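Engineer: Using my numbering, the first residue of the sequence shown is number 1331, and each one after it goes up by one. We put the CB at the ideal spot given by N, CA and C, even for glycine. The structure displayed is predicted, hence computed values, not measured ones. This is the structure I want to talk about, given as structure tokens.
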Amino acid sequence: MGGFETWTAGRPDAAPPKRWRVTVAAVLVGAGLAVAGRVAAPGLWPQVTEWVGQPLGGDGAVTGGDRRDDDDRRSLQRPASVCPVVGTVSFVDDFGVRKPDGRRHRGIDLYAYRGTPVAASVPGRVEHVEGDRGGLQYVLHGDDGVRYVGAHLERRGEHGRVAAATVVGYVGTSGNAVGSRPHLHFEMLTPEGPINPFSWLDEHCR
């Protein structure tokens, strides 16, 4: 038993648990359409981010007071924060490791397949920049006051005002990562300076 089931609101194959996990790729479709996702019991699939919303009722309708219509579907919460790499990812705590040129690593490298979508970790404002070292990069000015930086993108995604889980780029090897394994160099910057993002990533990406 894999522990997964694919469901569509209104016609579930089985009643999902009241607190579930879904892939970052799970979407809220437009008003009047179904809410679709890939559901797993909590803890059974490591490559997910938790999205807690309203559970399905026994008849398959989204529960929410006395109404079971489009308003209920729209009330499902978007994720507050997500792993920046959508799908399978591997990483270790290499923050602060000294590089051959003497500089210290200010982030964590998240390894994934080339072209894997990169998501906005939190709601905020995204700008794209380019540099010799980081190649194609995004800077997410998070609503939480933290700047999230991702480097070595293959190509850019959305910019401007974004919600969490919006695709802002794709994993690659641009900049000084040419010839290396595709990865996203990920940093978290506070007004006091860079912080080690490993614990945050361990919570959101495993």
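(1) Just checking, does the segment 1505-1515 make contact with the segment 1476-1483 on the three C-beta pairs under 8 angstroms criterion?
(2) Does SER1493 pass the burial test, meaning 16 or more other C-beta atoms within 10 Å, or should it be called exposed?
(3) Locate the beta strand (DSSP E) running through HIS1515, then write down its first and last residues.
(4) Run through DSSP, which three-state label would ASP1532 get?
(5) Straight-line CA distance for ASN1526 to VAL1497?
(6) Can you tell me the Cα-Cα spacing of ARG1486 and GLY1472, whole angstroms?
(7) For the candidate residues VAL1448, ASP1462, ARG1477, whose alpha-carbon lies nearest to that of GLU1488?
(8) Report yes or no: do the segment 1424-1440 and the segment 1509-1519 share at least 3 C-beta pairs separated by less than 8 angstroms?
(9) Starting from VAL1479 and walking both ways along the beta strand (DSSP E), at which residues does that stretch end?
(10) Please tell me whether SER1420 and HIS1534 are closer than 9 angstroms, where the distance is taken between their beta carbons.
(11) Taking 7 angstroms as the limit between beta carbons, can you name the residues of its chain near THR1446, skipping five residues before and five after?
(12) Got a sec? Which residues, its chain only, sit under 6 angstroms from TYR1468 by beta carbon, not counting five neighbours each side?
(13) At what residues does the beta strand (DSSP E) containing ALA1449 begin and finish?
(14) Which stretch, first to last residue, makes up the beta strand (DSSP E) that contains TYR1500?
(15) Helix, strand or coil: how does DSSP classify GLY1505 here?
(16) Can you grab the Cα-Cα spacing for the pair VAL1382 / ALA1442, in whole Å?
(17) Using alpha carbons as the reference points, say which of PHE1425, LEU1531, GLY1509 lies closest to ARG1444.
(18) Thinking C-alpha only, which one of ARG1477, GLU1460, ASP1439 is nearest GLY1454?
(19) In whole angstroms, give me the CA-to-CA distance for TRP1530 and ARG1428.
Structural biologist: According to the structure shown:
(1) The way I'd put it, the segment 1505-1515 does touch the segment 1476-1483; three or more beta-carbon pairs between them come closer than 8 angstroms.
(2) Position 163 of the sequence shown, counting from 1, holds the residue named residue 1493. What sits at residue 1493 in the sequence shown is Ala, not Ser. Exposed is the call here.
(3) Counted from its first residue, the sequence shown places residue 1515 at position 185. Counting along the chain, HIS1515 sits inside the beta strand (DSSP E) bounded by residues 1513-1520.
(4) Residue mapping note: residue 1532 aligns to position 202 of the sequence shown, counting from 1. Reduced to three states, the DSSP call for ASP1532 is helix.
(5) The count along the sequence shown starts at 1 and reaches residue 1526 at position 196. The count along the sequence shown starts at 1 and reaches residue 1497 at position 167. So the two alpha carbons sit approximately 23 angstroms from each other.
(6) The residue you call residue 1486 lines up with position 156 of the sequence shown. The residue you call residue 1472 lines up with position 142 of the sequence shown. Rounded to the nearest angstrom, the two C-alpha atoms are 18 angstroms apart.
(7) For this step, residue 1488 is matched to residue 158 along the sequence shown. With distances taken between Cα atoms, GLU1488 lies closest to VAL1448.
(8) Yes, they touch.
(9) As a first step, residue 1479 is located in the sequence shown; it is residue number 149 there, counting from the start. Boundaries of the beta strand (DSSP E) around VAL1479: 1477-1486.
(10) For the purposes of this step, residue 1420 is identified with residue 90 of the sequence shown, where counting begins at 1. For the purposes of this step, residue 1534 is identified with residue 204 of the sequence shown, where counting begins at 1. Contact: no.
(11) To locate residue 1446, count along the sequence shown from 1; it is residue 116. Hits under 7 angstroms: VAL1415, VAL1416, GLY1417, TYR1500, VAL1501.
(12) Taking the sequence shown and counting its residues from 1, one reaches residue 1468 at position 138. Result list for TYR1468: VAL1456, HIS1458, GLY1480, VAL1498, GLY1499, in chain order.
(13) For the purposes of this step, residue 1449 is taken as the residue at position 119 of the sequence shown. Its beta strand (DSSP E) spans residues 1447-1449.
(14) Taking the sequence shown and counting its residues from 1, one reaches residue 1500 at position 170. Counting along the chain, the beta strand (DSSP E) containing TYR1500 begins and ends at 1497-1501.
(15) Residue 1505 sits at position 175 when you count from the first residue of the sequence shown. Looking at GLY1505 - three-state DSSP - the assignment turns out to be helix.
(16) Position 52 of the sequence shown, counted from the start, is the residue given in the question as residue 1382. Position 112 of the sequence shown, counted from the start, is the residue given in the question as residue 1442. Its pLDDT being 35, under 50, VAL1382 is placed unreliably by the model, and the measurement read from it follows with that caveat. Using only the alpha carbons, I get a separation of about 26 angstroms.
(17) The residue labelled residue 1444 in the question sits at position 114 within the sequence shown. Comparing Cα positions, the closest option is GLY1509.
(18) As a working note, residue 1454 is residue 124 in the sequence shown. Among ARG1477, GLU1460, ASP1439, the Cα nearest to that of GLY1454 belongs to ARG1477.
(19) One-based indexing of the sequence shown puts residue 1530 at position 200. One-based indexing of the sequence shown puts residue 1428 at position 98. Going from the Cα of TRP1530 to the Cα of ARG1428 covers about 22 angstroms.
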